[in-house]
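Numbering (our numbering), first residue to last: 38 to 249.
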């Protein structure tokens, strides 16, 4: 599995690259890849999202393939796009994405977790990372955004994931200063480890099923 740190990108450039790699992985001509980036200011809306959750239309807006609703991306967010084959189904893959963030934040002294009613990673009643994926031809893409030190005012351009803007927090707001790309790389490494464990577990289960 490859991990590439792209630096800051325009959303449409990273989106095009991600889709090209997705096609290559799905066709079997490229290995699984995790992209780590930070975007210029942009709003994206998932395929089943509602454009009326975009409250101010001053930034570029893209309707994309992932699940979820309106999301703001911009400087200060570690955005991680894994282009991988889910080992044990979509639900287990989403768990692994969230878990990779939870384990990364733990290393920075932030205790985070999940909520049953909303995807993503939460600290108390505040959301610190958003998750949204698409799966086509057996390969997942899009991914997760971790709020390291973004400009929080921009979240008031939207109802993030259909929620009020004030539910969003960041590592900086929690008193932790961190480098965006170091956080993104740590999430990528943690995810790679979790997927490898899921793959080994799946292989063991398949071997047991073949025992007469």
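Note that beta-carbon positions come from the ideal geometry of N, C-alpha and C, so glycine has one too.
Excluding residues up to 5 positions away in sequence, 111, 112, 113 lie with their Cβ nearer than 8 Å to the Cβ of residue 188 in the same chain. With respect to residue 166, residue 176 sits apart: the two C-beta atoms are not nearer than 8 Å. Restricting attention to 227, 174, 155, the CA atom closest to the CA of residue 198 is found in 155. Residue 205 is positioned such that its CB atom lies closer than 8 Å to that of residue 163.
If only uninterrupted beta strand (DSSP E) runs of at least 3 residues are considered, those enclosed by the region 146 to 170 are 158 to 160. Nearest neighbour of residue 228 by Cα position, chosen from 134, 104, 107, turns out to be 134. At the C-beta level, residue 171 and residue 87 stay beyond 8 Å of one another. In the assembly as shown, residue 119 is a buried residue. Its beta-carbon has 16 or more other beta-carbons within 10 Å. The beta carbon of residue 208 sits closer than 8 Å to the beta carbons of 142, 145, 147, 165, 183, 184, 185, 186, 214, 215, 220 from its chain, once the five residues preceding and following it are set aside; these are given in chain order. The DSSP-derived three-state label of residue 215 is coil. Residue range 70 to 76 is occupied by the beta strand (DSSP E) that includes residue 70.
Our two residues, residue 202 and residue 122, have alpha carbons roughly 33 Å apart in a direct line. Between residue 217 and residue 75, the C-beta gap is smaller than 8 Å, which places the two residues in contact.
Cβ contact annotation for residue 235 (same chain, cutoff 7 Å, sequence separation greater than five): 124, 125, 129, 133, in chain order. In summary, residue 115 is buried, with 16 or more beta-carbon neighbours lying within 10 Å of its beta-carbon over all protein chains present.
Burial check for residue 160: the Cβ neighbour count within 10 Å reaches 16 or more, so the residue is buried.
For residue 196, the closest alpha carbon among the candidates 137, 72, 93 is that of 93. Burial of residue 179 is indicated by the presence of at least 16 other C-beta atoms within 10 angstroms of its C-beta.
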